[in-house]
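Below is one structure, written out as structure tokens; the observations come after it.
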Amino acid sequence: MALRTPQEYIASLQDGRVVYYKGERVKDVTSHPTLSVAVKHACIDYEMAEDPAHRDLAVIDDPHVGETISRYYHLPRDSDDLLKRSKLIETATGLGRTLVVLIKEIGTDALFALHMVARHMDDNLKTDYLPRVQAFYRHCATQDLAVAVAQTDVKGDRSRPPSQQIHPDYYVRIVDEKPDGIVVRGAKIHTSVMTNSNEVIVLPTRNMSEADRDYAVAFAIPVDTPGLKMICSPYGAPRHGNFDHPITSQHKMTETLTVFDDVFVPHERVFLQKEWQYAGALAKTFVEFHRFTAISYKLPLTDTLVGAAQLIADYNGLLRPGHIREKITRLIAYTQTLRALTTQAALACRVAEEGIAVPSPLLVNIAKLHFAENYHEMIGALQDISGGILVTAPGEDDLLNPETRPLIEKYLGGREGVSAADRLRALNMISELTAADFGGYQAVLAIHAEGSIEAEKMTIHREYDFQDSLKLAKYVAGLDA
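Following my numbering, the numbering of the sequence shown begins with 1263 at its first residue and continues without gaps.
Structure below.
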């Protein structure tokens, strides 16, 4: 069973998992009026595998697994594999109307990192983690599972390491070790897509010292494991009506506070157990893959900003003014720079000893920094082109009312040939992208998702090789003698 249908995926979520939404226990995420929208959105990955238009991109006959599997699970071996992975992420996000699917992207990012770090631990510490990682990887790939990742601890006092917190459970930790496994306690935050995943991989979030050894833990468990509880954020609840809400009426991603209330993890699912020296390496290696996923899924969003600006400028009859063209040109440069950096990050990959291709961390972080530092300015340019009507226009109910429809049609049309309804549809799309809950969600993600702006700057400085530039500077200054 290497590939699942959307229906099989949906059925797999009906397992009694513990999910809370707005203060109430959710009996079934597949039928809940809000969370079911996230389930339907996640079906995109499974639908692509069945769609002749996308199948060649979405699946691969993998010689290492020996089956036809989702391309997400294919261990990237070279630049071409990375480029195809990026294109798959971009295409799926486009089908999600700029919202990433993430139910296989993030889990496989973690699996790639686990392969690499586990081999190093086995070589240096004589552990047996790599066979466990490989077995879990094969389980996920051949069962076509949806896999979430829980990495960010709730942290408490950010100035203190895990072992010096006033509350010992601000970071997930090992509280008991048994002959057949471990028991963990604590909580993770910002856990995306967990309510509609099958498995969750738990990773450390930072470097640790020997005093933090109980917090150096990585493992994977089914989402319905006893003691695992999810408290789902109510932010960005789906809106009704495709006319007023073309994105959020059809697409949603859930974010949870994920609690591990003395959860038992069997030994075969444990990938880091108190080897504190490798906590930071595992966190960093995961990020090297996940930020490449991030810049790949940002591309449909930035492309949409360009298209939306051109569309509404046209509808408003404002394609000719120089200041409008200047703003659209800046949007084009913004998105095409991101695309070029994403492509070059794949082309400049290094192949690790495990045979896994790792995108250039330097270029990935430059791309992510470029996206994050300029995103709000680009949103402002689109809002400027669109006008204040983004947040003051009548809604679909007024357009359907026979008393008010003639007034809307008379007064809210655009240039000749553009109806009020079409203009309002374009404006509603832009409003969701830039001014509604969904726009706010994307704006915060731009700053914080996959690592903060400062984390990206630190990585860029760390990854840059100063040797050649210093040599040239010394030559230019006459200091080479």
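Ideal Cβ placement from N, Cα and C applies to all residues, glycine included.
Just so we're clear, the structure is a prediction, and the values are computed from it rather than from any experiment.
*Same chain, Cβ closer than 6 angstroms to N1504, five either side skipped, listed in chain order*: By the criterion of a C-beta distance shorter than 6 angstroms, N1504 is surrounded in its chain by S1511, once the five residues flanking it on both sides are discounted.
*Taking the alpha helix (DSSP H) that L1662 falls in, what are its first and last residues?*
1658-1662 is the extent of the alpha helix (DSSP H) around L1662.
*Which partner residues does C1494 have in the DSSP bridge list?*
Y1283, T1518
*Assign K1366 to one of two classes, buried (16 or more other C-beta atoms within 10 Å of its C-beta) or exposed (fewer than that).*
buried
*Helix, strand or coil: how does DSSP classify E1639 here?*
helix
*asked:* Quick check on K1289: buried or exposed, where buried means 16 or more other Cβ atoms within 10 Å of its Cβ?
replied: exposed
_So, with DSSP's three-state summary, where would you put A1410?_
strand
*Tell me whether F1374 sits in a helix, a strand or coil according to DSSP, three-state version.*
helix
*Quick one, which of K1630, L1580, G1584 has its alpha-carbon nearest A1602's?*
K1630
*Endpoints, the beta strand (DSSP E) within which K1450 is located*: 1443-1454
_According to DSSP, residues forming a beta bridge with T1330_ = D1323
*Taking 8 angstroms as the threshold, find out whether the stretch 1367-1382 comes into contact with the stretch 1394-1412 through three or more Cβ pairs.*
yes
_Taking the straight line between their C-alpha atoms, what separation do you get for I1647 and S1681?_
19 angstroms
*asked:* Quick check: the Cα distance between N1546 and R1667, rounded to an integer number of angstroms?
replied: In the sequence under discussion, the amino acid at residue 1546 is Lys, which differs from the Asn named in the question. Cα-Cα distance, rounded: 56 angstroms.
*In the DSSP assignment, find the beta strand (DSSP E) that holds D1390 and state where it starts and stops.*
The continuous stretches of beta strand (DSSP E) do not include D1390, and DSSP gives it neither H nor E.
*May I have the straight-line CA-CA distance separating N1460 from H1303, to the nearest angstrom?*
15 angstroms
*asked:* Restricting to Cα atoms, I'd like to know which of P1500, H1326, S1471, L1364 is closest to A1698.
replied: P1500
*Give a yes or no on contact between the stretch 1525-1540 and the stretch 1441-1452, applying the rule of three or more CB pairs nearer than 8 angstroms.*
yes
*Tell me the DSSP bridge mates of A1619?*
Partner(s): V1613.
*Taking C-beta to C-beta, are I1590 and A1570 nearer than 8 angstroms?*
no
_Considering only their Cβ atoms, is the gap separating P1338 from I1557 smaller than 8 angstroms?_
No, they are not a contact pair.
*Closest by CA to N1705, which one among G1713, E1712, T1696?*
One point to set straight first is that residue 1705 is Ala, not Asn, in the sequence displayed. Nearest C-alpha to A1705: T1696.
*For A1480, the residue or residues it bridges with in DSSP*: L1534
*Could you tell me the boundaries of the beta strand (DSSP E) in which R1435 lies?*
1435-1440
_Using 8 angstroms as the threshold, is the C-beta distance between R1359 and H1507 below it?_
At least 8 angstroms separates the beta-carbon of R1359 from that of H1507.
*Buried or exposed: where does M1456 fall if 16 or more other Cβ atoms within 10 Å of its Cβ makes it buried?*
Counting of Cβ neighbours within 10 angstroms places M1456 among the buried residues, the total reaching 16 or more.
*Do A1480 and V1462 come within 8 angstroms of each other at the CB atom, strictly closer than that value?*
It is not a contact, given that the beta carbons lie outside the stated cut-off.
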